Amino acid sequence: MKLKYLIAGLLLTASTASVLGQSEAQRKYISNNTNSKFQDLARQELNRYNEERLARIDAYLQVNNVPVKYRDEKGNLVVLEDVTQSGDPKYVSIYNLPGVRTIEAQKLYPGGSLGVNATGNGIVVGIWDGGDVRSTHTDLLSRVTLLEFSRILDNHATHVGGTIIGDGTTTSSRRGVAYEGTLRSYDLQDDTGEIRPEAEAGMILSNHSYGLVLQNNLVYLTGKYDSDARGFDIITYFNPFFLPVVAAGNDRGDGFNTSDSGYDLITDKAIAKNVITVGAVEQELNYTNPSDVTMSTFSSWGPADDGRIKPDIVAVGVNVTSPIATSDTAYGTLNGTSMATPMVSGGIALLHDLYDDLNPSQVLRSASMKGLVLSSTKEAGNAAGPDYRFGWGLMDVEAAAQVLLNEGSSTLIQEEELTSGATFTRNVVSNQSKLKVALSWTDPFGNTNSAPEDDPTPALVNDLDIKLTDSNGVDFFPWKLNVNNFTAAATKGVNDVDNIEIVEIDAPAGSYSITVDHKGSSLRFGSQEFSLIIQGADPGTLSTSTDTLETVKIYPNPANNFVNVAMNGQLSGSKINITIHDILAKQVLNRSFDNSSVFQQRIDISTLKSGVYLMNVSDGSASTTKKLIVK
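Residue numbers (UniProt numbering): 1 to 631.
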């Protein structure tokens, strides 16, 4: 049988850009901050990858009378994705077996406790799934673009899409996470060929609730960094604002790899370094401690063969109700990591929406967003730190939003670049609460691992390291796991395998030096962009600029009726000017005060409505801007 299906992704053109929902300013920002020469390399690498993959499939089909794609007994799309080096066919299909409150997304909605208005408006999410989303469903109407040639409406795709952006028109309790967002809908065949041009055109987020159909003869692929994982890393490395969210799979309890007692079951693109891999837990509405998070009976556990932390995160994936494709008003309740994954995608869409409100026309790098999300989770599991069942923990959109809202007062997201042989350092003073610093980077694509099963050779290419050092010279290192003991609690030390490293100091005191360097004599491509996400710091040490008033403090924050503005030193002008703007850039307050060596003023904000504002403090020669939350 000869290969006869169309590679739809190779037919996409630059016209993709004109239909993406991100704003023109955001797409320009992404374009200006992406190396176009790297995108040429990405095309070359992906074209080579696709040519080799399709040649393997063609050769296999010539001697084996099997379908390229079909619908299984449940109606799910199954596609021949590749053929392994051992000659085994790799078929992929969907993972199918009230989550908004479990991930605390509702607190970002209008009227929520954070006082912000994040709904996903203006954020486009790509969805690759088992067929077309039912775009005429009342919860999705006018917000889904269908992009495949065969119009096959799919229950699974519609359920996933509804979880991301459904607006709950008929029943608000069934509303999706980012309920004013939009979707671009593809089926799962030839995903990498379709993803690349979308990412190049400015797409920043995609959802993938499908993966390898695991069989006993394919168990050697569990945990392996293979060509499909590498393909996703090629796309993400060359498109540094694009973040795929991928389901971990539902193979625990299905009788595969039983000698590992439920571990070492994640495969395919979920093993990629630069994605967020999502496991599924039960709904939890009253979290008080890690034991409240209950693992599902099916969610696949890690690790990757090299010991990397997989899954990265968990979200609710049990008894999730969302639109389905049988009619324009139909709903269904499903289980699976397929259902947990769009919870995370929707949460990330909300965070992008909030970030755009706070930093108009700018976009966070995917490494920053990944680091933000994974360092803001609720603890889950039997011990502190990450594990191979829950990853870094239960997604907490509210906590991640607080990092954005408190930037400059107790948190900081800093995007930097390390060149070969260089060391990055900066100082930070704790504010007496837990000090947490995350290092995250989008690692270059590695070589596929063709060794036997469970080979621990690291897939990491540019191995960055982070440590914090206190004033007494004591070093503090990031969390790490032991690939030789899946159930062991996380320890702290030099991490040689993960491209997300998190240092936590529970009882910090005083000043710390943050050091980021790398192993080896050089970095691939000569440099590596990275992101730091700092939480629990004194505001006077959080500036990344030399022309700011670094000692400005505003308190309390959030505030109600009054806010105090104080600073000590660094005053040059005769007047201190304070202005407040809302998130639409409208000025709502303008005050001027006489300068003094020690400045402190109590400002009446009782006329301001609840919400997020930007306060600028200037002495005429330098200034700083702080986020102010009015309750």
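Virtual Cβ for every residue (Gly too), placed ideally from N, Cα, C.
Values in this document were obtained by computation on a predicted structure and should not be read as measured data.
Around the beta-carbon of F562, fewer than 16 other beta-carbon atoms lie within 10 Å, marking it exposed. For Y555, the number of other beta carbons within 10 angstroms of its own is below 16, and it is reported as exposed. When DSSP states are grouped into helix, strand and coil, K69 belongs to the strand group. Excluding residues up to 5 positions away in sequence, V79 lie with their Cβ nearer than 6 Å to the Cβ of K69 in the same chain. The Cβ atoms of N449 and K224 lie closer than 9 Å to each other. Contact annotation: the region 301-308 does not touch the region 120-132, with fewer than three C-beta pairs closer than 8 Å.
Spanning the alpha carbons of S291 and V281 requires a straight line of approximately 12 Å. Inter-residue distance for L532 and A509 is about 20 Å (C-alpha atoms, whole angstroms). For F232, the three-state secondary structure derived from DSSP is helix. Taking all protein chains shown into account, K436 has 16 or more neighbouring C-beta atoms within 10 Å of its C-beta and is therefore buried. Looking at the backbone, the Cα of A422 and that of N32 are separated by about 25 Å. Short of 6 Å from the beta carbon of S227, and not among the five residues preceding or following it, lie these beta carbons of its own chain, in chain order: T448. If you draw a straight line from the Cα of V116 to the Cα of P110, it comes to about 6 Å.
Between Q587 and V565, the alpha-carbon positions lie close to 18 Å from each other.
DSSP lists V516 as the beta-bridge partner residues of F424. The Cβ neighbour count for D72, taken over all protein chains shown within 10 Å, is under 16; the residue is labelled exposed. Here T236 is buried. Its C-beta has 16 or more other C-beta atoms within 10 Å.
Only residues of its own chain outside the window of five on either side were considered, and among them K480 have a CB closer than 7 Å to the CB of T491, listed in chain order.
DSSP, reduced to helix, strand and coil, places P342 within a helical segment of the structure shown.
For the pair I578 and L614, the CB atoms are not nearer than the 9 Å cut-off. In the assembly as shown, V474 is an exposed residue. Its beta-carbon has fewer than 16 other beta-carbons within 10 Å. If you ignore the 5 residues before and after L523, its C-beta comes within less than 8 Å of the C-beta of L418, T419, S420 and N462, all in its own chain and listed in chain order. Residue state for D58 is assigned as helix, using DSSP reduced to three classes. Distance from the CA of F242 to the CA of E45, rounded to the nearest whole angstrom, comes to 17 Å. Annotated three-state conformation of K492 is strand, per DSSP. The shortest C-alpha to C-alpha distance from T145 to any of A349, N155, N65 and G161 is the one to G161. The alpha carbon of D191 has as its nearest neighbour, out of N47, Y331 and A178, the alpha carbon of N47.
With a threshold of 16 other beta carbon atoms within 10 Å, V100 meets it and is buried. Between G391 and A340, the C-beta gap is not smaller than 9 Å, which leaves the two residues out of contact. Under the 10 Å beta carbon count, G131 is surrounded by 16 or more other beta carbons and is classified as buried. For the 9 Å CB-CB criterion, I500 and L374 form a contact. Note: R184 is bridge-paired with G126 and T145 in the DSSP secondary-structure output. With a 10 Å radius around the Cβ and a threshold of 16 neighbouring Cβ atoms, R151 comes out exposed.
Of the other Cβ atoms in all chains shown, fewer than 16 fall within 10 Å of the Cβ of A383; this residue is therefore exposed. Straight-line measurement puts the Cα of Q106 at about 43 Å from the Cα of E453.
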